[in-house]
Amino acid sequence: MSAETGTAATGARDGAVRRVRLPADRRTPAAARAVVRSVLTESHLDELANEALLLTTELTTNAVEHARTELDIEVVADEIGLTVTVSDFAPGSGDELTVGARNDSTEINEVSERGRGLLLVDHFASRWGTTYLPTGKGVWFRLDRPGTETSAEALAGGTSAPTSAGPGTTADKSAPSASAMSELMQTAPDLYADDPLPDFATSLLSRVAEMVGAAGGTIRLDRGDGQGRQVLARFGRPPRPGSELLRVPLTVHRPYTGELELDAAPSAYARPLAVLTAERLSLHLENDRLRRADVRRQVWLTFLAEASELLAQSLDVDLTMALVPQLVVPRLGQWCAVHTTDEWGRLRLAAASHADESTLPQLHKVLAETGPDSIQARLREASRSAAQIPLGGPMEGFAVPLIARGQRLGTLAVGRHQRHRHDPDEVAVLEDVARRAALAIENARIHAERRRVAQTLQQSLLPPVLPVVDGIGFAAEYVPTGDDAEVGGDFYDVVPLPDGRWLVVIGDVSGKGVQAAAVTGLVRDVIRVLVGDGKPLPEVLARLNETLVERGGGRYCTLALAAVGPGEGDTLDVSLHLAGHDRPVLLSAAGGAGFFGTGGTALGLLDTITSPTAQIALAPGDSLIFYTDGVTERRRGRELFGTDRLRDAAAPLAGYSADVVAARLRSAAINFSAEPPRDDIAVLVLRNDAT
């Protein structure tokens with residue numbers, strides 16, 4: 001660009017000239033002010049500094065915002081004043097651009113955003129204008145020392161006016177000064193205040209009211225939080241009845257709305273300055289909205305994380321459904337109701353909550369009503385369509401379907417807040433809560449089904465009742481592992497033998513779950529078949545070992561078999577075979593306890609096994625106590641319950657019935673640790689009940 005392009009002069013007699021090309025970014029106005037300030041200092045024109053720097057800021061900011069090209073800044077000073085030209089390289093004809101607003105124009109209140117900046121130029125400059133060239137456009141302004149006047153004759157000997165100069169105007173004495181405008185533009189909120197907006201808005205309002213001579217003013221803001229439109233700032237006295245107020249809306253995004261109101265007499269600068277003030281405030285209000293929205297999103301994320309954790313901790317269906325309304329009320333609504341779908345597709349109220357507990361009966365009544373316009377009908381529609389449905393009537397709100405893994409489980413109905421409707425963020429959070437709640441309910445249902453299957457399968461592996469035999473006492477206690485959805489491998493049984501004796505069986509299959517249950521059922525059934533055919537116990541163990549080895553799968557079994565029948569006198573003859581199982585405790589009626597039997601080889605590990613036979617005669621009142629490793633391996637930290645503690649716990653129980661002995665030993669093992677059992681606990685007591 002040449003030295004003459006878009007400038008107000010090509011040189012200056014006994015003055016200073018600066019020409020600088022600057023990029024189009026936010027630092028350009030500051031750089032341009034530095035250039036102008038250096039020329040003012042060099043030319044001893046410091047009295048023009050306020051106006052020159054203010055107008056330079058307006059022209060460069062306007063050019064950066066709208067042209068978005070590089071800028072040429074030319075500053076020309078002489079003995080009576082200063083001329084500044086800002087040129088850009090944006091294409092376009094002169095018909096497309098506004099030269100500038102005039103302070104004597106009747107249309108000054110209708111200026112555009114660009115025109116408000118030029119309005120300041122029109123007010124403070126001695127002369128100003130625009131030059132159009134094929135490469136772009138230049139806007140210039142001229143400032144003269146107070147008491148001097150720039151004329152064509154005066155400029156002829158020094159600085160010449162631009163060819164497209166606009167006619168100059170004289171400043172209105174009642175118009176705002178450059179220093180007042182600078183103070184208005186430089187007013188900023190306190191960055192370290194907790195809530196800087198009220199003080200910032202009050203400062204802006206008081207400055208603009210004083211500049212336009214307003215008797216009073218108010219700034220109102222509605223943040224969309226249900227509080228309605230609140231007074232953010234107030235100045236002066238309330239408006240007089242019947243007075244016409246100047247109202248300017250705040251340019252903020254939803255849910256924020258607001259306006260600036262001035263009780264000011266009509267003037268050329270009242271509305272433009274009010275609009276300028278409203279825009280400055282709106283910028284900071286938008287920052288406040290974004291900050292609050294970010295904080296709110298963080299709060300919602302924390303809420304959803306906590307809700308997920310709470311819902312995931314419960315595997316009980318009823319408890320899970322009861323938790324959901326407690327999470328929603330009152331944070332997301334005045335009331336909440338969870339309906340689930342039964343096997344016939346009907347909705348059933350599972351849980352409900354209201355912020356006002358005294359209103360719960362009315363809520364239940366409304367939810368139970370039927371009819372085409374009832375809430376029940378809307379809930380059915382939401383469940384059927386799998387879409388959000390608004391709820392009308394006395395319990396206003398909306399319903400969200402509960403869907404997990406493609407299954408429609410029911411609905412989540414939520415009532416509106418006390419003072420406002422749900423905003424989009426809250427609706428999104430409620431839909432997220434509904435998804436998480438549905439998944440938690442489905443997981444609880446699956447777990448309940450697994451628990452029911454496990455309990456059924458476990459019960460099928462244990463005898464429903466133990467036989468009642470004259471002279472022999474049988475008693476058993478069984479505690480499944482802490483995870484009641486898993487099937488354990490411990491089992492016991494009492495089987496009649498063909499020769500009139502009874503076979504006491506207790507065993508433990510390695511592992512847990514369905515595979516362990518299958519092996520347990522196999523062992524139990526094979527024993528019953530073989531002893532029913534009259535096979536001796538050593539052969540029963542050998543055949544059972546062959547079956548497990550052939551089956552493979554890495555499962556093995558420890559087993560204790562004891563054949564018991566009448567002996568001489570009142571005694572009971574017991575023939576004991578141990579296959580890798582712990583030795584039973586012999587509890588004497590006279591007091592004292594010890595271990596009895598000889599260990600053997602566990603079943604399913606080797607092709608051949610050994611299982612020595614141990615014979616004993618139980619005197620009246622004597623007991624044999626069988627148990628699984630869930631008793632002896634019960635943990636309290638690093639400490640085990642152990643066999644010695646079991647023997648010591650059994651010793652004081654001499655003389656008690658089999659039921660009492662089994663129950664006391666079960667309690668001793670359970671109370672040893674506060675943790676739930678990690679393995680099944682089985683205790684089987686055989687006692688000579690002869691008197």
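Heads up, the sequence shown is in the UniProt record's numbering, so the first residue is 1 and it goes up one at a time. Glycine included, each C-beta is placed from N, C-alpha and C at the ideal position.
A residue is called buried when at least 16 other Cβ atoms come within 10 angstroms of its Cβ; E477 meets this threshold and is buried. Non-local C-beta neighbours of R647 in its own chain, meaning closer than 8 Å and more than five positions away in sequence, comprise V585, A593, G594 and F595, ordered along the chain.
R254 and L197 have their C-alpha atoms spaced approximately 18 Å apart. Taking 8 Å as the cut-off, the beta carbon of P29 is found closer than this to the beta carbon of T57. Beyond the five residues adjoining it in sequence on each side, E396 comes within less than 6 Å, by CB distance, of R416 in the same chain, given in chain order.
Counting only residues of its own chain and dropping the five nearest sequence neighbours on each side, K535 has a CB closer than 8 Å to the CB of R543. CA-CA distance, A63 to V295, rounds to 36 Å. Rounded to the nearest whole angstrom, the CA to CA distance from I506 to P538 is 16 Å. P272: member of the alpha helix (DSSP H) spanning A270 to Q313, first to last residue. Excluding residues up to 5 positions away in sequence, A337, V338, H339, H364, L367 and A368 lie with their Cβ nearer than 8 Å to the Cβ of L349 in the same chain.
Looking only at V453, R280, E210 and V252, the smallest Cα-Cα distance to F200 is reached by R280.
Per DSSP, Q230 is one residue of the beta strand (DSSP E) stretching across Q230 to G236. Beta-bridge pairing by DSSP links F398 to P390 and V414. Comparing C-alpha distances from V86 to each of D78, A67, E79 and I80 shows the shortest one belongs to A67. By the beta-carbon neighbour count (other beta carbons within 10 angstroms, threshold 16), Y269 is buried. Rounded to the nearest whole angstrom, the C-alpha separation of G333 and T411 is 15 Å. Using a Cβ distance threshold of 8 Å, G604 and L576 do not count as a contacting pair. Rounded to the nearest angstrom, the Cβ distance from A658 to A475 is 4 Å, consistent with a contact under 8 Å. Every alpha helix (DSSP H) stretch that sits fully inside the stretch 578 to 666 and reaches 4 residues is listed by chain position as 629 to 632 and 642 to 650. Judged by DSSP in its simplified three-state form, E259 adopts strand.
Following the DSSP letters along the chain, one finds D525 in no beta strand (DSSP E) but inside the alpha helix (DSSP H) bounded by residues V514 to G532. For the alpha helix (DSSP H) assignment, the uninterrupted runs of no fewer than 4 residues enclosed by the stretch 16 to 70 are, from N- to C-terminal side, 28 to 42 and 49 to 66. DSSP places R405 outside both helix and strand once states are collapsed to three, so it counts as coil. Between the alpha carbons of A215 and E306 lies a distance of about 53 Å.
A617 sits close to L572, with the two beta carbons spaced by under 8 Å. With a cutoff of 8 Å on beta-carbon distance, G473 and K512 are scored as not near each other. The residues R555 and Y556, in chain order, have a CB closer than 6 Å to that of S510 in the same chain once the five nearest residues on each side in sequence are set aside. Under the Cβ criterion (8 Å, minimum of three pairs), the stretch 65 to 85 counts as touching the stretch 136 to 145. As summarised for the stretch 346 to 394, the continuous beta strand (DSSP E) elements at least 3 residues long and confined to that stretch are 347 to 354 and 389 to 391, given in chain order. In the DSSP assignment, I80 falls outside any beta strand (DSSP E) and carries neither an H nor an E. Uninterrupted beta strand (DSSP E) stretches at least 3 residues long and entirely within the stretch 465 to 503 occur at 472 to 479 and 490 to 496, given in chain order. DSSP places E449 in the helix class (H, G or I) of the three-state scheme. In the three-state reduction of the DSSP assignment, H339 falls in the strand class. About 57 Å separates the beta carbon of F626 from that of V429, a gap too long to meet the 8 Å contact definition.
Counting every other CB atom within 10 Å of its CB across the protein chains shown gives A265 a total below 16, marking it as exposed.
As computed with DSSP, Y132 is found in a beta bridge with K137.
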